[in-house]
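Here the structure is laid out as structure tokens; the discussion comes afterwards.
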Amino acid sequence: MGKDLARGAGVGLVAGLGLGYPVSRLYEEDIDAYTVMPMVAIGILLVVPVGWLLARMLRIAHPIRSALLAPLLLLVFKNAVDLAVPSPRPHMALLGFTVLAMVSYASAAGLASTASLIPRVIAAVVVCACVITTATIQQRRTEAWDQRHRKELIASYNASLPLAVPDSVPGRTLVSVWTITDDVLALDYAKNRLSEPDVFVRISSGGDPRKACAAWGRDSEPCERLAADRWLSKKEANGRMVLFARVGRRLVEVDSTTLSLNETLAAGSKLRTVSAEYLVDFKPPQR
11 MGKDLARGAG VGLVAGLGLG YPVSRLYEED IDAYTVMPMV AIGILLVVPV GWLLARMLRI
71 AHPIRSALLA PLLLLVFKNA VDLAVPSPRP HMALLGFTVL AMVSYASAAG LASTASLIPR
131 VIAAVVVCAC VITTATIQQR RTEAWDQRHR KELIASYNAS LPLAVPDSVP GRTLVSVWTI
191 TDDVLALDYA KNRLSEPDVF VRISSGGDPR KACAAWGRDS EPCERLAADR WLSKKEANGR
251 MVLFARVGRR LVEVDSTTLS LNETLAAGSK LRTVSAEYLV DFKPPQR
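Read in order, the letters of the sequence shown are residues 11 to 297 in this note's numbering.
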């Protein structure tokens, strides 16, 4: 059994270095999935036949059992380490993966060489552990990605986005929040969460309502001045109105084919300050 352990470790060294390189690249900050994932997939496909071939060359007892059990052990060990150290550096991931591969293949070779039921029991436990740890790892990674993405969005919104929404849009409820550029917030309103949006509000950090209306109305009716800081572009054909108003230092655009003029003015007359967290975490109200 001692020889099988040493020979299994040798197989693990080869397998760990071969598969460990593409796996370690998955931990790079700027991962190029189109080049890395095919390499990982090829490595996974080859790990069993290559392990079996090396086990035969080194005269390990029961090479097929060893070649099948070792990758399962390796996956369980890797998932367990990922739970403890979720984001190692690529070179440390390569080193750690190689060590785990040596341990996994040595353990598989030792278990396969015994004549008792222990290998079968361990293999069954390993399969169960593999499923559980893989599901746990995926959940943790998804949660970590969501949290990281949320923090990045909040930082981005705080940096340049106007953190405000209309105080009210008559007869409408907010159903969608998104951004056009880094400093333009877009808000979609509908009669209810199941309706199609029919009022579209854009809030910019700054701008001139008259110039914005003139740029918008080149292919429509001439802009109408409602007040010093309010301009209206109107299309008689479909009743579409786009209001451009300055509220404080911000430029507000209210675009709709369903609101009346008074409702449009109400929507673009007053803003309510909100937090970046509110915008990032916004979900349409439930019925």
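Cβ atoms here follow ideal geometry from the backbone N, Cα and C, with glycine treated the same way. Remember, it's a predicted structure, so these values are computed and weren't measured experimentally.
Inset, instruction - Look at the Cβ atom of L173, then the Cβ atom of A19, and state whether they are nearer than 8 angstroms. - result: For this step, residue 173 is matched to residue 163 along the sequence shown. For this step, residue 19 is matched to residue 9 along the sequence shown. Taking 8 angstroms as the Cβ cut-off, L173 and A19 do not qualify as a contacting pair.
Legend entry - Endpoints, beta strand (DSSP E) assigned at Y37: As a working note, residue 37 is residue 27 in the sequence shown. Per DSSP, Y37 belongs to no beta strand (DSSP E) and is neither H nor E.
Legend entry - Within 8 angstroms, strictly: CB atoms of M112 and L23: Within the sequence shown, the letter at position 102 stands for residue 112. Within the sequence shown, the letter at position 13 stands for residue 23. Cβ distance < 8 angstroms, so M112 and L23 count as in contact.
Legend entry - Neighbour-count burial assignment, S205, 16 or more Cβ in a 10 Å radius: As a position in the sequence shown, residue 205 is number 195, starting the count at 1. Per the 10 Å Cβ criterion, exposed.
Legend entry - Closest residue to R66 among D14, A103, K221 and L242 (Cα-Cα distance): The residue given as residue 66 occupies position 56 in the sequence shown. Of D14, A103, K221 and L242, the residue nearest in Cα terms is D14.
Inset, instruction - For V46, name the three-state secondary structure that DSSP assigns. - result: Position 36 of the sequence shown, counted from the first residue, corresponds to residue 46. Assigned with DSSP and collapsed to three states, V46 falls in helix.
Inset, instruction - Spatial neighbours of L104 within its chain, please: CB distance less than 7 angstroms, with the 5 preceding and 5 following residues excluded, ordered by chain position. - result: As a first step, residue 104 is located in the sequence shown; it is residue number 94 there, counting from the start. G30, Y31 and S34.
Legend entry - Rounded C-alpha distance that separates T267 from K280: Stepping through the sequence shown from its first residue, residue 267 is reached at position 257. Stepping through the sequence shown from its first residue, residue 280 is reached at position 270. So the two alpha carbons sit approximately 20 angstroms from each other.
Inset, instruction - Kindly confirm or deny that the segment 256-263 and the segment 209-226 touch, where touching means at least three C-beta pairs closer than 8 angstroms. - result: With the cut-off at 8 angstroms, the segment 256-263 and the segment 209-226 touch.
Legend entry - Outcome for V209 when other beta-carbon atoms lying within 10 angstroms are tallied against a minimum of 16: As a position in the sequence shown, residue 209 is number 199, starting the count at 1. Around the beta carbon of V209, 16 or more other beta carbons lie within 10 angstroms, which makes this residue buried.
Inset, instruction - Round the Cβ separation of Y115 and A80 to the nearest angstrom and send it over; I've been treating them as touching at under 8 angstroms. - result: Taking the first residue of the sequence shown as 1, we reach residue 115 at position 105. Taking the first residue of the sequence shown as 1, we reach residue 80 at position 70. Indeed, because the Cβ distance is near 4 angstroms, the residues count as touching under 8 angstroms.
Inset, instruction - Flag this pair as yes or no: are the beta carbons of T183 and R160 separated by less than 8 angstroms? - result: Along the sequence shown, one-based indexing puts residue 183 at 173. Along the sequence shown, one-based indexing puts residue 160 at 150. Inclusion of T183 and R160 in the CB contact set at 8 angstroms is not warranted, their separation being larger than that value.
Inset, instruction - Consult DSSP for T144 and reduce its assignment to one of helix, strand or coil. - result: The count along the sequence shown starts at 1 and reaches residue 144 at position 134. Helix at T144.
Inset, instruction - Return the bridge partner residues of E263 from the DSSP annotation. - result: Translated into the one-based positions of the sequence shown, residue 263 becomes position 253. R212 and F254, per the DSSP bridge assignment.
Inset, instruction - Tell me whether T268 sits in a helix, a strand or coil according to DSSP, three-state version. - result: Your numbering for residue 268 matches position 258 in the sequence shown. Under the three-state reduction of DSSP output, T268 falls in the coil class, being neither helix nor strand.
Legend entry - Proximity winner among K245, G181, A237 and D239, relative to W226 (alpha-carbon distances): Taking the first residue of the sequence shown as position 1, residue 226 is located at position 216. W226 has its Cα closest to that of K245, out of K245, G181, A237 and D239.
Inset, instruction - Excluding the 5 residues preceding and the 5 following V290 in the sequence, name in chain order all residues of the same chain whose CB lies nearer than 8 angstroms to its CB. - result: Residue numbering aside, residue 290 sits at position 280 when the sequence shown is read from its first letter. Only residues of its own chain outside the window of five on either side were considered, and among them R160, L163, I164 and Y167 have a CB closer than 8 angstroms to the CB of V290, listed in chain order.
Legend entry - Separation of T283 from D177, as counted between CA atoms: Counting from 1 along the sequence shown, the entry for residue 177 is found at position 167. Counting from 1 along the sequence shown, the entry for residue 283 is found at position 273. Per the coordinates, the alpha-carbon of D177 lies some 9 angstroms from the alpha-carbon of T283.
Legend entry - 3 or more residues per run - each beta strand (DSSP E) lying fully within the segment 174-198: If one requires a minimum length of 3 residues, the beta strand (DSSP E) runs lying completely within the segment 174-198 are 174-176 and 183-191, in chain order.
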